[in-house]
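Novice: I have a structure here, written as structure tokens, and I will follow up with some questions on it.
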Amino acid sequence: MLLVTGATGALGRLVTAKLAGRADTPFAVGTRTPAPGQRRVDFDDPDSLDFTGVDTLLVISAGAAEDDVVIARHEAVVTAAEKSGVGHLVYTSLSGDGDHLTYALAHRWTERRLRRSSLNWTVLRNGLYAEFLAAVAAPGPDGTIAAPLGEGRLAAVAREDLAEVAVRVATAPAAHAGRTYELVGEEPLGGADLAAATGGSYEPGGLEATRAAITASGQALPFQVPMLLSTYASIAGGFLDGTSIADNALRALLGRAPRSALDTYAAAVRG
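So in our numbering, spot 231 of the sequence shown is number 231, and the numbers just go up one at a time.
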């Protein structure tokens, strides 16, 4: 059986929907607040981490916390998978060009933990979502995009493509054992591209003003503020444009051309 954990987030919901459309793969969903028919899986509660009978465990990373909390959660899951005799663990990580991001550490730690585990494993190094770009670089009321992206670009990828790859790998994991796949977009997007797609203009602000605005909004937890600022800075610095990725596996694993990241961004902005 395939068990999907972290399925309540946007990526997890897409994965679950795609699996639900397949008659050839029995699967279950694990979450801390399960609905009828789901399993209770709480990374903070060791008693809920019994994976007996699970052949493949798809772990959608639990990144919405401080690094020490995320690392503890992932350690608990990997250890429980080892003890329960899970055959294969598939983990959604962060693309290799993201090491300058403040949230990369927990992903790299988890990858290292998997490499020294007794499990068969596959790492999916996901690029940043085009939908996330729509959240952090959306036009203002006057159509101006003021996000501090500088002249940088982001090799954004449609979340649905990443969900499709996760399903393909998790339903036939043996062919992907011991592999780490880079999954980034093929059309890096800059501020001017985003403005053209939304019919507005691009007038990038600075990091200091952006930090102040995020903090004043009250919409970000304290640990999320540096996460967002490091994302802007890494894009502006040219680290996330995909050029440093030597082997982008997105197209090969999809078996087709990826969805347009720019179209995905524009659709997300429109809501």
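No residue lacks a Cβ here, since even glycine has one placed at the ideal position from N, Cα and C.
Quick one: measure Cβ to Cβ for L105 and V86, integer angstroms, because I've assumed they're closer than 8 Å.
Specialist: Actually they do not touch by this definition, with Cβ atoms about 25 Å apart.
Novice: Shortest alpha-carbon distance to E187 belongs to which of L250, P222 and T8?
Specialist: L250
Novice: Measure the Cβ-Cβ separation of L254 and E131 and say whether it is below 8 Å.
Specialist: Not in contact: L254 and E131 (Cβ atoms no closer than 8 Å).
Novice: Under a Cβ-count criterion, where at least 16 other Cβ atoms within 10 Å of its own Cβ denotes burial, should T31 be classed as buried or exposed?
Specialist: Burial call: buried.
Novice: Give me the Cα-Cα distance between I245 and D97, rounded to the nearest whole angstrom.
Specialist: 7 Å
Novice: Give every residue of the same chain whose Cβ lies closer than 6 Å to the Cβ of Y232, excluding the five residues on either side of it in the sequence, and list them in chain order.
Specialist: P148
Novice: List the endpoints of the continuous alpha helix (DSSP H) containing S93.
Specialist: Not the alpha helix (DSSP H): S93 falls in the beta strand (DSSP E), residues H88 to L94.
Novice: Does the Cβ of D263 have 16 or more other Cβ atoms within 10 Å, making it buried, or fewer, making it exposed?
Specialist: exposed
Novice: Provide the residue span of the beta strand (DSSP E) that contains I60, from first to last.
Specialist: That run of the beta strand (DSSP E) goes T56 to I60.
Novice: Can you grab the Cα-Cα spacing for the pair T8 / V59, in whole Å?
Specialist: 12 Å
Novice: What runs of the alpha helix (DSSP H), each 4 residues or longer, lie entirely inside the segment 94 to 165?
Specialist: 104 to 115 and 130 to 136
Novice: Look at L154 and D55 and say whether their C-beta atoms are less than 8 Å apart.
Specialist: no
Novice: Among T102, T180 and N126, which one has its Cα closest to the Cα of N120?
Specialist: It is T180.
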